[in-house]
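Comments concern the structure below.
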Amino acid sequence: MLKIVNQDRSKCTLFGFQEGVYRFRLNVTDDGGLWGSDDAYIILIRSKNEAPVAKAKDLTITLPASVAFLNGSESSDDAGIVRWLWTAHDDVPACITFLGNSKVESVAILTGLVPGTFLFDLAVWDHSDVMNATTVALTIFVGMPHLQSVEMYLKKQFGEFTYRVKNKFEERLSATLSSQIEEANDVVVVFSSIDEDFSTGRIRIVFQAERVNIAFPSKRSMAGISQQRSEKVTIIEAWEIVKILRSETTLMTGFSVDSIDALCNNRYRKRRRTRKAAVNTERRLNETKSNGYVKSNRDSSSYALLLAAESSSSESKTSKSSKKSNSSNRRFISNSAASFDFA
5 MLKIVNQDRS KCTLFGFQEG VYRFRLNVTD DGGLWGSDDA YIILIRSKNE
55 APVAKAKDLT ITLPASVAFL NGSESSDDAG IVRWLWTAHD DVPACITFLG
105 NSKVESVAIL TGLVPGTFLF DLAVWDHSDV MNATTVALTI FVGMPHLQSV
155 EMYLKKQFGE FTYRVKNKFE ERLSATLSSQ IEEANDVVVV FSSIDEDFST
205 GRIRIVFQAE RVNIAFPSKR SMAGISQQRS EKVTIIEAWE IVKILRSETT
255 LMTGFSVDSI DALCNNRYRK RRRTRKAAVN TERRLNETKS NGYVKSNRDS
305 SSYALLLAAE SSSSESKTSK SSKKSNSSNR RFISNSAASF DFA
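Per our numbering, residue 5 is the first one in the sequence shown, and the count goes up by one each step.
In structure tokens form, the structure reads like this:
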């Protein structure tokens, strides 16, 4: 519906136009009662629809950042964008997820970040349902704070870890580390992750600590000129934090700390155990083949036969020159093999 504002003045404002032809008549009257009029026309036509332009910049962040923001708000259209859609490429790890409904908004918020470079598509639509898309690269690096992070598990219910408990825990950790590290004027503890270990029900906390050294200008250097103090912030190594906190039994007991270790050490140990198990299995099979007990495509029973042979030979050592002893050992091996159940 068309609306006219200030229609009793020399200038007016019109709202609510739609496509079509509009005729307006202006009437004017002077002090003597004489009047005059004139007509004005406004022709409103629909312009050619332009396709929208999807635009978003690549993003690079460093862990331990917990969220990433993909910004597509610079996308444009002649009549305005009405719909947004962010889509992850098929090779993006499933742990990287969109927070809330941000995948259908101009700014996408991602959580569950892991190192690597990942691609996301942004598609936008206008009023005429015309679409345009672009691809954005998200690059995630592992920074020094993440490499020197500490992983801690608490025997508490997840809902019990309130902001009051968190703030108290941070203050206690900072005070403990400050008292144990002589060269630090202050220690700042930063929690980068607080979540629940669903397999055990424990609270998992990842944090890093920063050493703050404050340098004051000397009286000689001041010379009547006011100078500000300088602060130097460095990351405290994870092994040093773990060593100090493990010795603080009061703190560990008071906050129900179940375990504490360097974050990278835990991940390295898991990979190392998996790799070591695979190497040991392959080594045993190779030793079995090299000793001549496994020929061509033998199954695991051949390996068990080898173990029985080595066990029996170690218990009854005989002279190398005695062929009879060797033959008796072979019979003992076959007897020992008969006692194994390989079903």
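No residue lacks a Cβ here, since even glycine has one placed at the ideal position from N, Cα and C.
Kindly indicate which residue of the options has the alpha-carbon position closest to the one of residue i.
i	options	result
Glu187	Gly20, Thr238, Lys52	Thr238
Ser203	Glu214, Leu67, Gln161	Gln161
Ala382	Ala44, Leu249, Ser110	Because the chain in this structure spans residues 5 to 347, residue 382 falls outside the shown range and cannot be described.
Tyr45	Leu38, Tyr26, Ile209	Tyr26
Asn171	Val9, Val193, Tyr157	Val193
Lys247	Gly163, Tyr167, Met156, Glu164	Met156
Leu249	Ser196, Pro68, Leu74, Phe173	Phe173
Ile185	Arg87, Phe165, Ala213, Gly163	Ala213
Met148	Thr139, Leu38, Phe211, Val169	Phe211
His93	Asp130, Ala69, Leu123	Leu123
Asp133	Val96, Arg87, Val169	Arg87
Met5	Asn75, Gly20, Thr254	Gly20
Met256	Ala98, Gly37, Lys159, Glu164	Lys159
Gly76	Asp34, Thr254, Thr139, Asp190	Thr139
Ala58	Thr254, Leu38, Glu23, Ser80	Ser80
Leu3	His131, Ala98, Asp130, Val71	A question about residue 3 goes unanswered here, because the residues of the chain that appear run from 5 up to 347.
Arg50	Gly36, Leu67, Glu23	Glu23
Could you check what DSSP says for residue i in three-state terms: helix, strand or coil?
i	result
Val358	Residue 358 lies beyond the residue range present for the chain, which begins at 5 and ends at 347; the question has no answer from this structure.
Ser106	helix
Leu126	strand
Phe173	helix
Arg168	helix
Thr143	strand
Lys247	helix
Gly217	The sequence shown places Asn at residue 217, rather than the Gly named in the question. In this structure, Asn217 counts as strand in the three-state DSSP scheme.
Phe162	helix
Leu38	coil
Thr180	helix
Asn75	strand
Asn189	coil
Ala242	helix
Asn136	strand
Ser315	Reliability of the predicted coordinates at Ser315 is poor, the pLDDT of 49 falling under 50, and no value is obtained from them.
Ser51	coil
Ser326	Caution is warranted here: a pLDDT of 44 is assigned to Ser326, below 50, making its placement in the model unreliable, and no coordinate value can be reported.
Tell whether a beta-carbon distance below 9 Å holds between residue i and residue j.
i	j	result
Ala55	Glu78	no
Gly356	Arg176	This structure cannot settle anything about residue 356, because the visible part of the chain is limited to 5 through 347.
Thr180	Glu244	no
Arg206	Ile240	no
Glu200	Asn217	no
Ile100	Val128	no
Ile144	Ile65	yes
Asp265	Val154	yes
Leu126	Ala141	no
Lys107	Thr121	no
His150	Ser178	no
Asp82	Asn105	no
Ser41	Leu48	no
Phe73	Leu63	yes
Pro119	Val146	yes
Ala242	Gln152	yes
Asp190	Ser183	no
Leu18	Val9	yes
Phe28	Asp12	no
Starting from residue i, follow the alpha helix (DSSP H) in both directions and report where the run begins and ends.
i	result
Arg29	Note, Arg29: premise wrong, no alpha helix (DSSP H); beta strand (DSSP E) at 24-33.
Thr257	253-258
Leu151	148-151
Between which two residues does the beta strand (DSSP E) carrying residue i extend?
i	result
Ser14	Premise fails: Ser14 is in no beta strand (DSSP E) and is neither H nor E.
Arg87	85-92
Leu63	63-67
Ser263	261-266
Got a sec: does the ligand PLP put a non-hydrogen atom nearer than 8 Å to the Cβ of residue i?
i	result
Val261	The ligand PLP is absent from the structure shown, which contains no ligands of any kind.
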